[in-house]
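Single-structure report; data block below.
Number of protein chains: 2
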Amino acid sequence: MAVTIGDVARFAGVSTKTVSRVINDEPFVAESTRGKVVAAMQELGYAPNISAQRLASGRSHVLGLVFHSAAWNYINIVQRALLEECHLEGYGMLMNPCDIERPADQQEILRLVAQQTVDGFIFTPPCDNITSLLEQLQSQRIPFVRLAPRDCQVPLPYVAPDDWQGGYDMTQYLLSLGHERIGFVMGNPDHQASHDRLAGFKAALEAHQVPFDPSLVTAGDFQFESGLSGGRVLLETNPRPTAIFACNDDMAAGLLAAAHELGIAVPEALSVAGFDDVPLAQQVWPSLTTVRQPTYEMAQLAAQLLLRSLKGESLETLHHVLPATLVIRGSTGPRTSA
Amino acid sequence: MAVTIGDVARFAGVSTKTVSRVINDEPFVAESTRGKVVAAMQELGYAPNISAQRLASGRSHVLGLVFHSAAWNYINIVQRALLEECHLEGYGMLMNPCDIERPADQQEILRLVAQQTVDGFIFTPPCDNITSLLEQLQSQRIPFVRLAPRDCQVPLPYVAPDDWQGGYDMTQYLLSLGHERIGFVMGNPDHQASHDRLAGFKAALEAHQVPFDPSLVTAGDFQFESGLSGGRVLLETNPRPTAIFACNDDMAAGLLAAAHELGIAVPEALSVAGFDDVPLAQQVWPSLTTVRQPTYEMAQLAAQLLLRSLKGESLETLHHVLPATLVIRGSTGPRTSA
DNA sequence: GCGTTGTCAGACAGCGCTGTCAGCCCGCTG
DNA sequence: CAGCGGGCTGACAGCGCTGTCTGACAACGC
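Each protein sequence line maps, in turn, to chains A and B.
Following the numbering used here, the numbering of the first sequence begins with 16 at its first residue and continues without gaps.
Following the numbering used here, the numbering of the second sequence begins with 16 at its first residue and continues without gaps.
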């Protein structure tokens, strides 16, 4: 049926092993022989059977992306970056949904390892919280890289954005516009990012001698609805905040909706800021001032690190922190007298 | 290293073939034997090596999702549905980005087939436009199912929404609110959906004896920006349309932004309608009246059809059309005197 | 001249599983 | 009680590839 390595070998007049050498770029093949084999492969339209390669070599050439299915917007970007990197290196990518509450999902991941279906993993938040799982992978010497992880202290590789700095910069920007009563909508507390962004917020307030008022912070979970409800609460307080900083863009979009509902003009009477710079940020009105998190680049880097450690290289730098940058759009403006 | 079928067989005191039978749910295994084998697998934590299974059986147990990378919002939903179905059947899913302009991407798909990496494909628009590719797959007896395809006449399986009916229903609804000057923002003409929705729009106008005015139709490409620019054009015409129907939600969000820009109140002075009911529809303000396209269910159905035909069943019904339903939210209202 | 080293190539086993086929046992029929 | 067929099980080959080992041959130093 399909063309096999044997067909190529016969056609080129060499052994299958020699063809295999050519396929895998191994040394000790004469240029003339290599040429014949390449021509034969071309001629016959040969492509190696991956399952056979995997079985014989014991490596699957597949990366697993472990993610929690609530954060699809984010995962989307990560996925694209991984796909790109995997493609370059001839790797495949497997999607591993994983709910941190469900032990079955963790079993599934270990099963993939036992089956040799996956060579290594990328963990996205909050899945890296499952320390027992990480420990098991570590003990089985299965490499993985964490994206924006919870625990930055342990000596395991990760790539993360500078959430603290992003929170700090945005707050400083709002302060520079004259805002002092600034609301904050917290993100999902399972994500380290929520805490870091809040810490950056607090630090900037402190640096400018503006007292931190806990009553201006509402809980959220990174979803639009929690921004909407948080906005409704904050905008009923008296005096009203003149700016609100949400832990991500989805919630900031919720804030915009709440302001529209209450007839509060943005940015004239209220400035709204988000975080992440997802496409949504430009699809709401007014478009969101936000902090751009280089998600794509981070995922790309994570994939590169993983692929390198899969090739046997040991990673010289375990921890990579990428800068987050302010993106100023239409949803923020100078404070006007209340 | 890892537990193999041989280990399980030895542990259970049977042959490897019998273990294989249990794994694959084949008939002619005594209940007592099955019990012993299951217990042994459990005890040893056995999971079959997929590569070996694939090599031996000649089937990869992987589906390919062929998509164009412009439509991530849509693909996201499709992907989730496929993932779910694949998981149930023990299949994997491979993402195959495919630009209809790039022959290399088509070669890649054929390569996956040659390599036996993928057993069958789901095509999402506009990738099903590549007829030569479909023909090659067909001649190699590689099954595939098309989602919302271009050509509904050829006897190849597909699952599609009733775009015509959706366009008709929405238009009728807008007419029932008293609107007569209704703008239309066209979608990407490579997608059959754009044409069908427009046809439904026209048919509803005709049924209500409202003349169709081509000057109220602007070109678009399903992206937010084209809705924004289309809105700017349509809202400058005189007399202004009192309602605009966009071919999808992203463009409808662009319309909202254009209206906000020009200080036109929605829905008081302008009704805006979208199509698809993606999450964005509820994250803009006012939330979008739209047509819910059962994307998830369609993708699910497509996956089930593909999996069934992979199992050797012949599909009794090749074409499935699922209804689209009106979802009324805040962006539409009765026409007020101009 | 011989041993040594380096380059190149092929024979062969085996990765972990499934398909094929042969064979056993048991209950049934005539 | 022989003959038969269906339920159940195992031996064995082989899927397509790679790792290991062995060997041929040329070039080199002593």
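Where a beta carbon is used, it is the ideal one built from N, C-alpha and C, also for glycine.
Scan the segment 108-123 of chain B for residues whose Cβ lies nearer than 8 Å to a Cβ of chain A and list them as they occur along the chain.
Met108, Leu109, Met110 and Pro112
Out of B:Phe216, B:Arg117, B:Gln238 and B:Pro164, which has the shortest C-alpha to C-alpha gap to His334 (chain B)?
B:Pro164
Under 8 Å, Cβ to Cβ, is there at least one residue of chain A near Gln57 (chain B)?
no
Residues of its chain near Ser30 (chain A), where Cβ-Cβ distance is below 8 Å and the 5 sequence neighbours each way are ignored:
Ala24
Compare the C-beta of Gly60 (chain A) with all C-beta atoms of chain B and state if any pair is closer than 8 Å.
yes
Excluding sequence positions up to five away, which residues of its chain have a Cβ less than 7 Å from the Cβ of Pro158 (chain B)?
Gly135, Leu321, Ser324 and Leu325
Since Asp292 (chain B) and Val281 (chain B) should fall inside the 8 Å C-beta cutoff, what is the C-beta to C-beta distance between them, to a whole number of angstroms?
Contact flag wrong, Cβ pair sits at about 18 Å.
Of the residues that make up the segment 86-106 of chain B, which ones have a beta carbon closer than 8 Å to any beta carbon in chain A?
Trp87, Asn91, Gln94, Arg95 and Leu98
On the premise that Leu250 (chain B) lies in contact with Leu271 (chain B), defined as a C-beta separation below 8 Å, what is that separation, rounded to the nearest angstrom?
Going by Cβ atoms, the distance from Leu271 (chain B) to Leu250 (chain B) rounds to 11 Å, so no, they are not a contact pair.
Could you tell me if Ile65 (chain B) is buried or exposed, where buried requires 16 or more neighbouring beta carbons within 10 angstroms of its beta carbon?
buried
Does any CB atom of chain A fall closer than 8 Å to the CB of Phe237 (chain B)?
no
Neighbourhood of Ile115 (chain A) by C-beta, 8 Å cutoff - its chain only, sequence neighbours within 5 removed:
His83, Pro141, Cys142, Asn144, Ile145 and Asp205
Considering Arg255 (chain A), what are the terminal residues of the beta strand (DSSP E) in which it resides?
Run containing Arg255 (chain A): none; DSSP gives neither H nor E here.
Compute the Euclidean distance between the alpha carbons of Phe138 (chain B) and Tyr173 (chain B), then round it to the nearest angstrom.
9 Å
Tell whether a beta-carbon distance below 8 Å holds between Ala219 (chain A) and Thr186 (chain A).
yes
Leaving out the 5 sequence neighbours to the left and right, which residues in its chain are closer than 6 Å to Ile279 (chain A) when beta-carbon positions are compared?
Leu285
Residues in the same chain with beta-carbon distance under 6 Å from Val34 (chain A), minus the five sequence neighbours each way, listed in chain order, please.
Ile20, Val23, Ala24 and Val52
Val128 (chain A) - containing alpha helix (DSSP H), residue span
Pro118 to Ala129
For Phe43 (chain A), count neighbouring C-beta atoms within 10 Å of its own C-beta (all shown protein chains included) and say buried if the count is 16 or more, exposed if not.
exposed
Which residues of chain A have a Cβ atom closer than 9 Å to the Cβ of Pro282 (chain B), listed in chain order?
Here the premise fails: no neighbours, minimum Cβ distance about 12 Å.
Other residues of its chain near Gln297 (chain B): CB distance less than 8 Å, five sequence neighbours each side excluded
Leu303 and Arg344
Return no unless some Cβ of chain A is closer than 8 Å to the Cβ of Thr132 (chain B).
yes
Using a C-beta to C-beta distance shorter than 7 Å, which residues of chain B count as neighbours of His275 (chain A)?
Trp300
Does Ser75 (chain B) get closer than 8 Å to chain A when you measure Cβ to Cβ?
yes
Does the structure place the segment 90-105 of chain A close enough to the segment 122-129 of chain A that three or more beta carbon pairs sit under 8 Å?
no
Within its chain, find whatever has a CB closer than 6 Å to the CB of Pro338 (chain A); leave out the 5 residues flanking it on each side and keep chain order.
Asp177
Give the single residue among A:Gln315, A:Glu104 and A:Phe260 whose Cα lies nearest to the Cα of Asn39 (chain A).
A:Glu104
Indicate whether at least one CB of chain B lies closer than 8 Å to the CB of Asp291 (chain A).
no
Name, please, each residue of chain B whose Cβ falls closer than 8 Å to the Cβ of Asp265 (chain A).
Gln298
Cross-chain neighbours of Asn64 (chain A) in chain B, by beta carbon under 8 Å
Leu70, Gln130 and Gln131
Under 9 Å Cβ-Cβ, which residues of chain A neighbour Arg156 (chain B)?
Going along chain A, no residue has its Cβ under 9 Å from Arg156 (chain B), so there is no contact; the nearest lies around 11 Å.
Only counting the same chain, and skipping five residues up and downstream in sequence, which positions put a Cβ closer than 8 Å to that of Thr347 (chain A)?
Tyr188, Leu189, Leu192, Ala258, Pro282, Ser286, Val287, Ala288 and Thr304
Does the beta-carbon of Asn253 (chain A) have 16 or more other beta-carbons within 10 angstroms, so that it is buried, or is it exposed?
exposed
Whether Leu109 (chain A) touches Gly79 (chain A) by CB criterion (8 Å):
yes
What residues of chain B sit near Arg126 (chain A), judged by a beta carbon separation below 8 Å?
Ala62
Between which two residues does the beta strand (DSSP E) carrying Ala288 (chain A) extend?
Ser286 to Ala288
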